[in-house]
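The letter at position 59 of the sequence shown is residue 60 when you use my numbering, and the numbering goes up by one with no holes. Where is the CB? At the ideal position from N, CA and C, for every residue including glycine. On a predicted model such as this, the values are computed, not experimentally measured, just so you know. Okay, so here's the structure we're looking at.
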Amino acid sequence: MSDQSYPVRSDGISLAPRAVSASASEQAHIVTVGNMNGANRLFGGLLFSWMDETAGVTARRHAGTHVTTAAVEQMRYLAPVFRNQIIMVQARVTYTGRTSLEVLAIAEREEFDGSRELVADARFIFVALDEDGNTVPVPPLRIETPEQQALFDAAAERRKK
Ligand SMILES: CC(C)(COP(=O)(O)OP(=O)(O)OC[C@H]1O[C@@H](n2cnc3c(N)ncnc32)[C@H](O)[C@@H]1OP(=O)(O)O)[C@@H](O)C(=O)NCCC(=O)NCCS
Numbered sequence: 002m003s004d005q006s007y008p009v010r011s012d013g014i015s016l017a018p019r020a021v022s023a024s025a026s027e028q029a030h031i032v033t034v035g036n037m038n039g040a041n042r043l044f045g046g047l048l049f050s051w052m053d054e055t056a057g058v059t060a061r062r063h064a065g066t067h068v069t070t071a072a073v074e075q076m077r078y079l080a081p082v083f084r085n086q087i088i089m090v091q092a093r094v095t096y097t098g099r100t101s102l103e104v105l106a107i108a109e110r111e112e113f114d115g116s117r118e119l120v121a122d123a124r125f126i127f128v129a130l131d132e133d134g135n136t137v138p139v140p141p142l143r144i145e146t147p148e149q150q151a152l153f154d155a156a157a158e159r160r161k162k
């Protein structure tokens, strides 16, 4: 099916399926003195906001319109982060509903040799909105790998509950 065969939203955005890679995002941060909490570790709320922002960029790229955060599921802090470390935040779409989409965000600590260790992850649910704040449909996800299919199926199962 060519892209022209799919419906087009009222704002002109095609609802043809979009690949995960088309909206995946990555942001780098260096942890500064001002980012620390009282225990001299990265403040968890700040790390959360970095993840929310990267996930939001991904959701907006996929939806092709404004998005708002509807829910955050299973935010996990898995390892501490200290001053002057590099934190890489990555986000990718894992599920699309009618007007909502799920984005998996992960944060990794990057070492001088380029190796990375997972320090946090979370699932963000966004809803697509038009200029007036009304919900609008999102393009479906084009699944290209067995891992993407497994993440999609797991999200679909959670949505049923
Ligand atoms: C998110 C919001 C737009 C949803 O509005 P709503 O009237 O409940 O919309 P609907 O019932 O039509 O739901 C829209 C979609 O969102 C999903 N959804 C809504 N709330 C959800 C939640 N808490 N968890 C998961 N999915 C949710 C619905 O399942 C539906 O998905 P689908 O279209 O893919 O099937 C509305 O609740 C809102 O504006 N919340 C505030 C968001 C905000 O300000 N975020 C920033 C926080 S600072």
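* Per DSSP, cross-strand counterpart(s) of LEU142 -> ARG19
* To do: Quick one: which unbroken alpha helix (DSSP H) runs of 4-plus residues sit fully inside the region 37-64? Chain order, please.
  => 45-64
* Between which two residues does the alpha helix (DSSP H) containing GLU132 stretch? -> No alpha helix (DSSP H) contains GLU132, which DSSP labels as neither H nor E.
* To do: State the DSSP-derived secondary structure class of SER6, mapped to helix, strand or coil.
  => helix
* Quick one: is the Cβ of ILE14 within less than 6 angstroms of any heavy atom of ligand 1? -> no
* Output the distance between the C-alpha atoms of GLU111 and LEU48, rounded to the nearest integer angstrom. => 15 angstroms
* Exposed or buried, PHE113, counting other C-beta atoms within 10 Å across all chains shown (16 or more means buried)? -> exposed
* **Euclidean distance between Cα positions of ALA23 and TYR78** => 28 angstroms
* Looking only at its own chain, which residues have a Cβ that is under 6 angstroms from the Cβ of GLY90, when we skip the five neighbours before and after it? -> One point to set straight first is that residue 90 is Val, not Gly, in the sequence displayed. Correct list, in chain order: GLN28, TRP51, MET52, THR55 and ALA108.
* Beta carbon of ARG117 nearer than 7 angstroms to that of ALA20 -> no
* To do: Give me every residue whose Cβ sits closer than 6 angstroms to any heavy atom of ligand 1, in chain order.
  => THR69, THR70, ALA71, ALA72, GLY98, ARG99, THR100, SER101, ILE126, VAL128 and THR136
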